[in-house]
Amino acid sequence: MNKLLIVGTVAFDAIETPFGKTDKILGGAGTYIGLSASHFNLQSAIVSVVGDDFPQEYLDLLTARNIDISGLEVVKGGKTFFWSGRYHNDLNSRDTLDTQLNVLADFQPKVPQNFKNAEVVMLGNLHPLVQSSVLDQMEAKPKLVVLDTMNFWMDCALADLLNVIKRVDVITINDEEARQLSGEYSLVKAAAKIRTMGPKYVVIKKGEHGALLFHDKDIFFAPALPLEEVFDPTGAGDTFAGGFAGFITQTGNISFENMKNAIIYGSNLASFCVEQFGTERMIGLEHSDVVNRLAQFKSLTQFDITL
C-alpha cells in the first residue's frame, strides 16, 4: 500500500456565510486534505501542530480514518491555530476577521520515520520554509511532490516560496494566485511561466468554474459539478488537493493521463465539502455518496461527437 505524507495546518475555524455562522469548529488545510485522501486505499500521515486545547475527539476522528497522527505535535500549554472569516453574498470573496498563529508560529515539522520514504508528498498551505523542511527530511526522493500555496506567501515570503517551487512536481493554486505569481493574465501563459520555475505540472483551480491541468503543450479542463446550493467554500481547494494526491498515491501512476482522473476525483470530493460548514460534510461522507456523484461527473463530461 502506497504512502501519502500530508503537511498542513490542523486548526480551529469560525466561519460566517450568508447561510449562518459557526463557533470554533475543526478546520485546517491538513485536516481537509487528510479527510479527502482517506477515501482512497493508501497509508497517510499528517505532519502538523496543535495546542493542548485541541479536543481528543478530533484526534480520534482522524485516526478512525486510518490517518497516522504520530507527526501531529501537541504543544502543552499551547493554543491551536485559529482563523475566522466572513464570506460575501457571492461566496467567491471573503474577509479575514481574525488569524491567531499560536503554536504554528514556532512550528518545526517532524516527519514520522515510517513516512520518510512516502511515494507522494502533499505540501499543504503553510510557510514555504516549513514545506522545504519537510522535503529535507525525506530519505528517498518521492515519486511526486505536490505543493499548494496562496497569495499571502507571494506577498511576504516570495524568495522562500520560489525556492520550494523549484523542488516540486505539481503546484496547485487558484487563478488569481497564478496571475500574481506569473505576472501573466492569460492562464495559459501563466501556467507556462510557472512551469519554468520548476513544476512539471500546474493545476489552476477556478472554484465553481472547475480546474485546469497544464503539462508541456497539453491542457486538460475539468468542470465543477453544478450544485443547487453552495453553503460554505472553506477548505474546498484543500479537499480538491487531497482527492488529487490521494488518487495518485493509490494508483502509483504519475502520468498526465492519470492526473486527468485525479483532477476529476479531486473535483468530485470538493463538491461535497461546500455543502455544509467547514469539515462537517467530509466527516459524514460515505463511500457510496462518492461513487454516485462520480457517475454524475462522468455523465457531465462525456459526449459523442463525429469528427
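For the sequence shown, our numbering assigns the number -10 to the initial residue and increments by one for each residue that follows. Beta carbons: idealized from backbone N, C-alpha and C, even for Gly.
Looking at C-beta atoms only, is the number of pairs between the segment 79 to 90 and the segment 46 to 62 that lie closer than 8 Å three or more?
Cβ pair count under 8 Å is below three, so no.
What three-state label does DSSP hand S73 in the structure shown?
As a working mapping, residue 73 is identified with position 84 in the sequence shown. Assigned with DSSP and collapsed to three states, S73 falls in strand.
Secondary structure at Y174, three-state DSSP: helix, strand or coil?
Against the sequence shown, residue 174 aligns to sequence position 185. The three-state reading of DSSP puts Y174 in coil, since its state is none of H, G, I, E or B.
Flag this pair as yes or no: are the beta carbons of M111 and L31 separated by less than 9 Å?
As a first step, residue 111 is located in the sequence shown; it is residue number 122 there, counting from the start. As a first step, residue 31 is located in the sequence shown; it is residue number 42 there, counting from the start. Remark: C-beta atoms of M111 and L31 do not approach each other more closely than 9 Å.
Is Q169 helix, strand or coil when you go by DSSP?
Counted from its first residue, the sequence shown places residue 169 at position 180. Q169 falls in the helix class under three-state DSSP.
Suppose you measure from the CA of R323 to the CA of L176; what does that come to, to the nearest Å?
Outside the displayed span of the chain (-10 to 296) sits residue 323, for which this structure offers no information.
Environment of E166 [buried if 16+ CB atoms lie within 10 Å]
Taking the sequence shown and counting its residues from 1, one reaches residue 166 at position 177. E166 sits buried, since 16 or more C-beta atoms from the chains shown fall within 10 Å of its C-beta.
With DSSP as the reference, please indicate the residues paired to R282 in a beta bridge.
The residue given as residue 282 occupies position 293 in the sequence shown. Bridge partners of R282: none, in fact.
What residue does the beta strand (DSSP E) around S33 start on, and which one ends it?
If you number the sequence shown from 1, residue 33 lands on position 44. Counting along the chain, the beta strand (DSSP E) containing S33 begins and ends at Q32 to G40.
At the level of alpha carbons, what is the spacing between V219 and M248?
Taking the sequence shown and counting its residues from 1, the one referred to as residue 219 is at position 230. Taking the sequence shown and counting its residues from 1, the one referred to as residue 248 is at position 259. Roughly 26 Å between the two C-alpha positions.
Boundaries (first-last residue) of the beta strand (DSSP E) holding F1
Taking the first residue of the sequence shown as position 1, residue 1 is located at position 12. A0 to T6 is the span of the beta strand (DSSP E), which, as asked, contains F1.
Closer than 8 Å: is that where the CB of A211 sits relative to any heavy atom of the ligand SAH?
Looking for the ligand SAH in the displayed structure turns up nothing, as the structure carries no ligands at all.
Contiguous alpha helix (DSSP H) assignments of at least 4 residues, all confined to the segment 196 to 280
Taken in chain order, the complete alpha helix (DSSP H) segments of 4 or more residues contained in the segment 196 to 280 are 225 to 240, 245 to 262 and 269 to 272.
Within a Cβ cutoff of 6 Å, which residues of the same chain sit near F233, ignoring the five residues on either side of it in sequence?
Here residue 233 corresponds to residue number 244 of the sequence shown, with the count starting at 1. The residues A251 and G255, in chain order, have a CB closer than 6 Å to that of F233 in the same chain once the five nearest residues on each side in sequence are set aside.
What three-state label does DSSP hand H140 in the structure shown?
Counted from its first residue, the sequence shown places residue 140 at position 151. Correcting the residue identity first, residue 140 is Asn in this sequence and not His. In the structure shown, N140 adopts helical secondary structure according to DSSP, grouped into three states.
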